[in-house]
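Here's the structure, in structure tokens; my notes come after.
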Amino acid sequence: MLTRRRFLLALVGQTILGWAKNLFAQTGVFLTEQEAPEAVFPEATAFERQVIKATPELREKMQALMGKFKPSIWEDAYTTFLAKKGGEFLGYAVIVEEIGKHRPITFVVGIQPDHKVHDVAIMVFREPYGGQVKERIFLKQYRGKSVTESFLPFQSVRSVAGATLSIHALARGIKKAAALVQAVYQEGKEGGW
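FYI, in the numbering used here the residues of the sequence shown are 2 to 194.
So, in structure tokens, the structure goes:
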């Protein structure tokens, strides 16, 4: 016969297991490096992969371009892709990482030649909270925004309860990707931001 104590222990155990399952369901690898550029430039027919070494001089230029935004991580190197469709240049796909609350979030940012965000996609999410930012319905709000926008909650993007730090990480990462594109590919060109 099932006693009250056993029943309550079973109920509490099931509740904890159900909660833990949902907690870790947010973490995971969602895109590989090979899939990343196509996620932000699905119309592209060719990608040229480049690895940019992060020198102290490059970091200094990027920080100057980022203004008040301070990266939580400086990568040793940045993987970028030049996206093309036929002979037409579509833009840059840049893989960056930023700390959410405790752990890095890896994502790819697509930046058009006119300094607008083409798209953003989460590659690896390691946090137990804030996983809502990986959903397409959330990420599509970045499309078409100028890289000069703040990308902060309640300023230029919607906020999501429980994901504020992840949204801030996305803002820093988008700014970092845009600064890399400006410093490496567009330095000295007209129309800089």
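We treat Cβ as the ideally placed atom computed from N, Cα and C, and that holds for glycine.
Original post:
So, helix, strand or coil for A178, using DSSP?
Top reply: Here residue 178 refers to the residue found at position 177 of the sequence shown. Reduced to three states, the DSSP call for A178 is helix.
Subject >> Closest by C-alpha distance to P114, when choosing among E99, S147, V158, T165 >> reply: As a first step, residue 114 must be located in the sequence shown, where it is residue number 113. Ranking E99, S147, V158, T165 by Cα distance to P114 puts S147 first.
Original post:
CB-CB under 7 Å to P154, same chain, minus the five flanking residues each way: which ones, in chain order?
Top reply: In the sequence shown, residue 154 corresponds to position 153, counting from 1. S160, T165, I168.
Original post:
Who are E99's beta bridge partners in DSSP?
Top reply: Against the sequence shown, residue 99 aligns to sequence position 98. Partner(s): I106.
Original post:
Are the beta-carbon atoms of L66 and Q183 separated by less than 8 Å?
Top reply: For this step, residue 66 is matched to residue 65 along the sequence shown. For this step, residue 183 is matched to residue 182 along the sequence shown. Yes.
Original post:
What separation, rounded to the nearest whole angstrom, lies between the Cα atoms of G111 and R5?
Top reply: What you label residue 111 is simply residue 110 of the sequence shown in a count that begins at 1. What you label residue 5 is simply residue 4 of the sequence shown in a count that begins at 1. The straight-line gap from Cα to Cα measures roughly 57 Å.
Original post:
Taking C-beta to C-beta, are E34 and T81 nearer than 8 Å?
Top reply: Residue 34 sits at position 33 when you count from the first residue of the sequence shown. Residue 81 sits at position 80 when you count from the first residue of the sequence shown. Taking 8 Å as the Cβ cut-off, E34 and T81 do not qualify as a contacting pair.
Subject >> First and last residue of the uninterrupted beta strand (DSSP E) at I138 >> reply: Numbered from its first residue, the sequence shown carries residue 138 at position 137. Counted as a single uninterrupted DSSP element, the stretch harbouring I138 is not any beta strand (DSSP E) but the alpha helix (DSSP H) occupying residues 137-140.
Original post:
Can you list, in chain order, the residues of its chain whose CB lies under 8 Å from that of F48, leaving out five sequence neighbours each side?
Top reply: Position 47 of the sequence shown, counted from the start, is the residue given in the question as residue 48. Excluding positions up to five away in sequence, the list reads P38, E39, F42, F82, L83, A84, K85, A94.
Subject >> Unbroken alpha helix (DSSP H) run spanning R60, endpoints >> reply: The residue given as residue 60 occupies position 59 in the sequence shown. DSSP places R60 inside the alpha helix (DSSP H), whose first and last residues are 57-67.
Original post:
Helix, strand or coil: which one does DSSP assign to S73?
Top reply: Translated into the one-based positions of the sequence shown, residue 73 becomes position 72. Here S73 sits in coil by DSSP.
Original post:
Taking Cβ to Cβ, would you say K102 is nearer than 8 Å to G131?
Top reply: The count along the sequence shown starts at 1 and reaches residue 102 at position 101. The count along the sequence shown starts at 1 and reaches residue 131 at position 130. Here K102 is near G131, since their CB atoms are less than 8 Å apart.
**OP:** Identify which residue in M63, P57, K62, L171 has its Cα closest to the Cα of M124.
**Re:** Against the sequence shown, residue 124 aligns to sequence position 123. Shortest Cα-Cα distance from M124 to any of M63, P57, K62, L171 involves L171.
Original post:
If you check the beta carbons only, do E76 and I106 fall under 8 Å apart?
Top reply: Residue numbering aside, residue 76 sits at position 75 when the sequence shown is read from its first letter. Residue numbering aside, residue 106 sits at position 105 when the sequence shown is read from its first letter. Taking 8 Å as the Cβ cut-off, E76 and I106 do not qualify as a contacting pair.
Subject >> Among A78, E99, D120, the one whose alpha carbon lies nearest that of Q142 >> reply: To locate residue 142, count along the sequence shown from 1; it is residue 141. Here the closest residue by C-alpha is D120.
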